[in-house]
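Below you'll find the structure, written out as structure tokens, and then a few comments.
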Amino acid sequence: MKVLVIGTGFGKHAAAPAYESAGFDVEVVSPRDESAVTRGLDSGVDLVSVHSPPFLHVHHVSAALQRRRAVLCDKPFGRTAEEATAMRDLARAAGVLNVLNFEFRCRESWAKVKDLAHAGAIGTPTHLSWNWFGNGLRGRRYGWINDAGLGGGWIGAYGSHLIDYTRWLFGSEITDCGGVLRIDDPTHPDGDGTPRQATAEDAYAAWFVLANGATAAQDTGFAAAVPTLPRAVLLGTDGSIELTADTRLVLRTATAEPATFEFDRPGRPDPALTMFFTRVAEALRTGTQIAPSFDDGLAVAQAMERLRTNAVRPGAPT
232 MKVLVIGTGF
242 GKHAAAPAYE
252 SAGFDVEVVS
262 PRDESAVTRG
272 LDSGVDLVSV
282 HSPPFLHVHH
292 VSAALQRRRA
302 VLCDKPFGRT
312 AEEATAMRDL
322 ARAAGVLNVL
332 NFEFRCRESW
342 AKVKDLAHAG
352 AIGTPTHLSW
362 NWFGNGLRGR
372 RYGWINDAGL
382 GGGWIGAYGS
392 HLIDYTRWLF
402 GSEITDCGGV
412 LRIDDPTHPD
422 GDGTPRQATA
432 EDAYAAWFVL
442 ANGATAAQDT
452 GFAAAVPTLP
462 RAVLLGTDGS
472 IELTADTRLV
482 LRTATAEPAT
492 FEFDRPGRPD
502 PALTMFFTRV
512 AEALRTGTQI
522 APSFDDGLAV
532 AQAMERLRTN
542 AVRPGAPT
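In terms of the numbering used here, the sequence shown opens at residue 232 and continues consecutively.
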């Protein structure tokens with residue numbers, strides 16, 4: 232099977248090697264080389280994998296669906312819930328496989344949390360707390376990730392994964408959310424060295440309520456002075472699950488000694504991506520729609536939009 236990867240950042244350096252590991256024949260094109268994109272779309276590929284910036288998602292996803300190509304789209308799913316709805320509706324009309332790249336569902340440690348919770352290891356799951364601060368955006372050159380109008384922001388870049396995981400973990404939809412959005416590193420040099428003001432958040436603290444009564448909290452950013460270890464805690468009626476650095480999981484209950492599970496640190500290509508793309512390959516062979524689909528992408532886009540609407544922005548005009 233052949234996949235057309237549209238994207239020379241994450242697409243070229245992360246997705247393409249993972250597709251190769253999953254057995255695909257891979258062609259990578261720049262999202263800004265329209266002629267190369269068109270040639271690739273018309274070449275009879277089995278899958279179009281869209282890893283262009285969010286402001287180009289509608290264009291590339293629509294072009295693939297118009298040719299009735301199966302599509303995998305990276306997150307965030309467009310810039311707005313309106314764009315996400317348009318792409319989801321086009322995919323439904325085309326009747327082809329559509330997949331959202333929430334590959335962290337396949338990260339071994341994250342999946343283990345889900346498996347333990349689903350098996351009743353901590354009773355009924357009630358609350359998920361997630362905390363992590365990186366520094367990858369600190370001092371970085373200005374780009375679309377810093378521009379709210381282009382679909383930038385840490386909510387889309389990382390929060391979309393956490394929101395999708397929260398929905399998947401609890402098996403329920405988010406009904407309300409709010410929080411605080413911050414820009415911890417507000418000024419970035421552009422390509423000419425001219426300082427540019429960021430308009431998209433690089434950190435946020437948020438709360439979520441789900442339809443089944445569960446709750447979640449996320450406190451994370453990517454422009455901290457120094458990074459911290461990721462830490463997630465899932466509380467249940469009979470115990471808790473703590474995941475540290477994505478590599479060490481501790482299950483605690485009132486009736487047994489703590490149980491510890493160790494996981495390898497993700498490498499390159501990320502095993503989660505390779506596992507996910509292997510599932511995508513099987514779905515293509517069997518003609519089976521799998522999750523996460525564009526429906527999941529739309530649900531996350533709606534939650535992100537609600538969060539941005541409800542959130543407080545320190546220092547912003549009131």
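All residues carry an ideal CB built from backbone N, CA and C; glycine is no exception.
Give the DSSP-derived three-state secondary structure of residue i in the structure shown.
| i | result |
| --- | --- |
| K243 | helix |
| H282 | coil |
| P545 | coil |
| S360 | strand |
| K233 | strand |
| L571 | Outside the modelled stretch of the chain, which goes from 232 to 549, sits residue 571, for which no answer is possible. |
| V276 | coil |
| T269 | helix |
| G410 | strand |
Could you name the residues that DSSP lists as bridge partners for residue i?
| i | result |
| --- | --- |
| E404 | BP columns for E404 are empty, so no partner. |
| L465 | L359, I472 |
| V302 | V279, N329 |
| F492 | L480 |
Straight-line CA distance for residue i to residue j?
| i | j | result |
| --- | --- | --- |
| S403 | A530 | 11 Å |
| R499 | D421 | 29 Å |
| T451 | V464 | 14 Å |
| F492 | P502 | 18 Å |
| D320 | V292 | 11 Å |
| Y389 | L482 | 25 Å |
| V259 | L331 | 19 Å |
| A312 | E488 | 45 Å |
| A322 | V234 | 18 Å |
| G424 | R372 | 8 Å |
| A476 | T316 | 34 Å |
| P497 | F401 | 24 Å |
| M232 | A434 | 39 Å |
Taking CB distances under 7 Å as the criterion, tell me whether residue i reaches chain D.
| i | result |
| --- | --- |
| D526 | No chain D appears in the structure shown, which is made up of a single protein chain. |
Looking at the ligand GDP, does it come within less than 6 Å of residue i, judged from the CB to the closest heavy atom?
| i | result |
| --- | --- |
| V281 | In the structure on display, the ligand GDP does not appear, and there are no ligands present to speak of. |
Q.
So within the stretch 337-396, which uninterrupted alpha helix (DSSP H) runs reach at least 4 residues, ignoring any that extend past its ends?
A. 339-349
Q | Whole beta strand (DSSP E) elements within the stretch 423-465, 3-residue minimum | A | 426-428, 434-441, 446-452
Q: Count the CB pairs spanning the stretch 409-424 and the stretch 537-546 that are closer than 8 Å, and state whether there are at least three.
A: yes
Q) Do the stretch 352-366 and the stretch 461-476 meet, that is, are 3 or more Cβ pairs less than 8 Å apart? A) yes
Q. Within the chosen definition, does the stretch 236-244 reach the stretch 519-536 through at least 3 CB pairs nearer than 8 Å?
A. no
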